[in-house]
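Under the numbering used here, the first residue of the sequence shown carries the number -19, and numbering increases by one thereafter.
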Amino acid sequence: MDDAELLEVDDDYYAFLNLPRDATLEQINTAYKQLSRQFHPDKHIDPAKKKDAEMIFNRIKTAHAVLSSPEDRQIYDLLGTKGLRTDGLQLIPRKSSPSEIREEYERLAREKEERRLQQLTNPKGNITLHVNCTDIFNSYETDYDEPGMFSNIEIAGMTMFQSIEVPMSSNNVATLAGNLSVSNGQGNGRFTLSARKILSSKGWIEVDVGAGNGLNLGGKGTRNLGKRYFTTGQLNLNFRPNGIVPALVGTFAVQLDKHTVGYLTYSAAGMQSSLSTIIERNTERNYVNLTFSLGLPHSFISCNYIRRLIEQEMKLKLAGKVGTFGFMAEYGVEKKVSKYSSLHASVTFGVPTGVALKIRFIRSSQSYNFNIQLSEKIIPAALFYATTLPIISYFILKKCILEPLESEKQREVIEKKKEMYEERLQQRRKEAEAAISLMLAQYERICSEEEAKAGLVILHAFYGKFDDDEDNLEEMVADDRSSFIDVKIPLQCLVKDSNITVHTSLKYELPGFYDPAIGENKVLKVQFKYRNNLETVVIEEKDEIKLPLTK
-19 MDDAELLEVD DDYYAFLNLP RDATLEQINT AYKQLSRQFH PDKHIDPAKK
31 KDAEMIFNRI KTAHAVLSSP EDRQIYDLLG TKGLRTDGLQ LIPRKSSPSE
81 IREEYERLAR EKEERRLQQL TNPKGNITLH VNCTDIFNSY ETDYDEPGMF
131 SNIEIAGMTM FQSIEVPMSS NNVATLAGNL SVSNGQGNGR FTLSARKILS
181 SKGWIEVDVG AGNGLNLGGK GTRNLGKRYF TTGQLNLNFR PNGIVPALVG
231 TFAVQLDKHT VGYLTYSAAG MQSSLSTIIE RNTERNYVNL TFSLGLPHSF
281 ISCNYIRRLI EQEMKLKLAG KVGTFGFMAE YGVEKKVSKY SSLHASVTFG
331 VPTGVALKIR FIRSSQSYNF NIQLSEKIIP AALFYATTLP IISYFILKKC
381 ILEPLESEKQ REVIEKKKEM YEERLQQRRK EAEAAISLML AQYERICSEE
431 EAKAGLVILH AFYGKFDDDE DNLEEMVADD RSSFIDVKIP LQCLVKDSNI
481 TVHTSLKYEL PGFYDPAIGE NKVLKVQFKY RNNLETVVIE EKDEIKLPLT
531 K
């Protein structure tokens, strides 16, 4: 949840119209007509009162428009006013279930956030650092070498990649990308300009021009062959001083079922070629990839499994690979540390690769990778430290950096929320005072009618948070410093046939009410006369109002 969502203050349209959540369309229209007769601007001649009436009537119209529309009401009941402000949510089928509407809202919200983050140039970056720490574990391999005072840790290589997109039109995108790599004191780089054109809903093509270790020309494309089949192809030509080196990749894919796709890929580059079969299954919680590759000079079988722990915002990974050049195994975990950031750590071991620790930090579209080679052979000590070091480092990072930063962010959000509530309080207080001034004529009329038939007459009514010594309603006075307000007039105006029924627990949403003690537990204290009997009642915030009291 971002700051805007945390700061959002919703309106309760049911409370404002004094309706139950299951109100019928007839009840909604009746409530609208009753309030319109009281607050319609055309019923007031005085300019000041007309302006106050417009302010109240606009809220009445908005509440009625939402609740009287089956489409908007369904969205409002599920998501509140933020759902009504989400572009595109009103376009989904009206017979959709609540879960489908919520999923669509979440999808649209994600798309909106992605558009905001990826607007303009849509930058993407990747930095990979290769670190050689094998000297640390040399003492575990040999007993005859004299260890130095300090182990030698060296940067074996580094790779940097960055790309930006330039939208030419709705169907054409140009991409500018470059990468630079340094390894063992030698470096090289490449610069590529790509242009992609979407031909139709069935496919696209792309042309690439690059420089780096010779001129590079290439093209790629994809084509849907039906509902279940599609194919992709790629051809690259690398012009070098000693000749042209071609590279070809072609893939044919078929959708086996809702979650499973099969791929058949042929790849050839120089003296190397391979034919691979891939089975990929991807569900909400599980991802499995099986690969069988037959090639020259390398053939292998690999398996990757990822388990998504959605509630913990975490992924667990297991992988294995066996081929003509040896074997490799990997286990790791990925943890989401903020809305836009995640941290990934994995341990790989095998022959002849040895033991390595891979750490990756992803922030939006930027990725930072640290590949740390711990040993050239499989050493238990290297495996132990590779496993425990990231766990310990993460908890230290979490306790010393992440949690304090999150606490500070939450504190700032709370302060902003208080400021926002203060502005809202002033606005609602102004609306309540305006509503009460417009209720005076109706208040006097209802009081006269109820007194004439010994009906329900509100003598005193206060709403808010009270101190222990504030029990005598006749002596209580509400002012700007009080944490409670006088609601005698708006409460009396709710009397109908000597009865009051308020369906909502959010009493501060009623016309003439506002919240005088934000975030506090509030009650409604009422002293009324009914059938010449004097009674006093205290109504909790969560309870409905029903007066007079019934057995």
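By construction, the Cβ of each residue, glycine as well, lies at the ideal position given by its N, Cα and C atoms.
Looking only at its own chain, which residues have a Cβ that is under 7 Å from the Cβ of residue i, when we skip the five neighbours before and after it?
i	result
Phe117	Leu354, Ser355, Ile359, Ala361, Ala362
Val302	Phe280, Ile281
Arg1	Tyr(-6)
Met35	Glu411, Ala414
Gly194	Asn218, Phe219, Arg220
Leu71	Because the pLDDT of Leu71 is 41, which lies under 50, any placement of that residue in the model is unreliable, and the question is left without a value.
Rounded to the nearest angstrom, what separates residue i and residue j at their Cα positions?
i	j	result
Asn284	Lys297	7 Å
Thr271	Ser345	28 Å
Asn196	Gly167	18 Å
Gly137	Asn159	13 Å
Ala415	Lys23	14 Å
Ile107	Ile135	14 Å
Leu529	Leu15	25 Å
Asn164	Leu337	20 Å
Glu260	His239	8 Å
Arg511	Lys396	50 Å
His44	Leu527	26 Å
Arg425	Phe37	21 Å
Lys41	Leu47	10 Å
Arg203	Glu6	55 Å
Ile469	Asp459	16 Å
Pro50	Lys13	19 Å
Gln252	Leu244	17 Å
Pro21	Ile178	55 Å
Val225	Ala191	14 Å
Phe375	Arg287	22 Å
Phe232	Lys182	15 Å
Leu490	Met294	44 Å
Thr114	Glu264	39 Å
Ile525	Lys315	48 Å
Pro384	Leu377	10 Å
Gly198	Asn216	4 Å
Leu228	Thr212	11 Å
Out of the options, state which residue places its alpha-carbon closest to the alpha-carbon of residue i.
i	options	result
Asn266	Ser256, Leu274, Glu310, Leu289	Leu289
Glu310	Ala366, Ile36, Leu197, Asn106	Ala366
Lys30	Lys509, Met419, Glu524	Met419
Asn132	Thr139, Val111, Gly213, Asp188	Val111
Gly206	Asn216, Leu236, Asn269, Gly169	Leu236
Lys509	Ala154, Val518, Ala28, Ser478	Ser478
Arg39	Leu(-3), Ala28, Pro27, Pro221	Leu(-3)
Trp184	Lys319, Val162, Gln214, Ser48	Gln214
Gly312	Lys301, Ser326, Gly300, Ala299	Ser326
Ala249	Glu264, Tyr320, Glu51, Gly230	Gly230
Leu173	Val162, Thr155, Lys182	Thr155
Leu453	Glu399, Ala432, Glu515	Glu515
Ile381	Glu521, Ser318, Phe19, Gln422	Ser318
Pro103	Lys476, Ser143, Thr114	Ser143
Arg170	Ala434, Val189, Pro384	Val189
Thr328	Val482, Phe364, Thr304	Phe364
To which residues of the same chain is residue i closer than 8 Å at the C-beta, ignoring the five residues directly before and after it?
i	result
Tyr494	Leu405, Arg408, Arg409, Glu411, Ala412, Ile465, Tyr488
Ser417	Lys29, Asp32
Please return the same chain residues whose Cβ sits closer than 6 Å to the Cβ of residue i, not counting the five positions on each side in sequence.
i	result
Arg234	Reading off the sequence shown, one finds Val at residue 234, where the question assumed Arg. So the list reads Arg208, Tyr209, Gly242, once near-sequence residues are dropped.
Ile9	According to the sequence provided, residue 9 is Asn. The question's Ile does not apply to it. Once the five neighbours on either side are set aside, Asn9 has no close Cβ partner at all.
Phe350	Leu109, Ile339
Leu255	Tyr246, Leu274
Lys445	Ser463, Ala497, Glu500, Lys502
Lys556	Residue 556 lies beyond the stretch modelled for the chain, which goes from -19 to 531, so this question has no answer here.
Tyr348	Ile107, Phe341
Thr139	Thr108, Ser161
Ala175	Ala154, Val187
Leu474	Ile480
Gln507	Leu439, His440, Leu453, Thr516
Ile352	Val111, Cys113, Leu337
Looking at the ligand MG, does it come within less than 6 Å of residue i, judged from the CB to the closest heavy atom?
i	result
Glu291	Absence of the ligand MG is noted for the structure shown, with no ligands found whatsoever.
Using a Cβ-Cβ distance cut-off of 7 Å, determine whether residue i contacts chain B.
i	result
Ser373	Given the protein chain composition of this structure (a single chain), no chain B is represented.
Contact between the stretch 434 to 442 and the stretch 56 to 65 is defined here as three or more beta-carbon pairs at a separation below 8 Å; is this criterion met? no
Count the C-beta pairs between the stretch 146 to 156 and the stretch 382 to 393 that are closer than 8 Å, then say yes if the count reaches three, no if not. no
Run through the stretch 220 to 293 for me and flag every whole beta strand (DSSP E) of 3 or more residues, listed as ranges in chain order. 223 to 235, 240 to 249, 252 to 262, 266 to 276, 280 to 289
Minimum length 3: unbroken beta strand (DSSP E) runs contained in the stretch 126 to 202: 134 to 147, 152 to 163, 166 to 180, 183 to 191
Pick out the complete alpha helix (DSSP H) segments inside the stretch 466 to 494, 4 residues or longer, and give them in chain order. 468 to 472
Runs of 3 residues minimum, wholly inside the stretch 310 to 364: which ones carry the beta strand (DSSP E) assignment? 321 to 331, 334 to 343, 346 to 355
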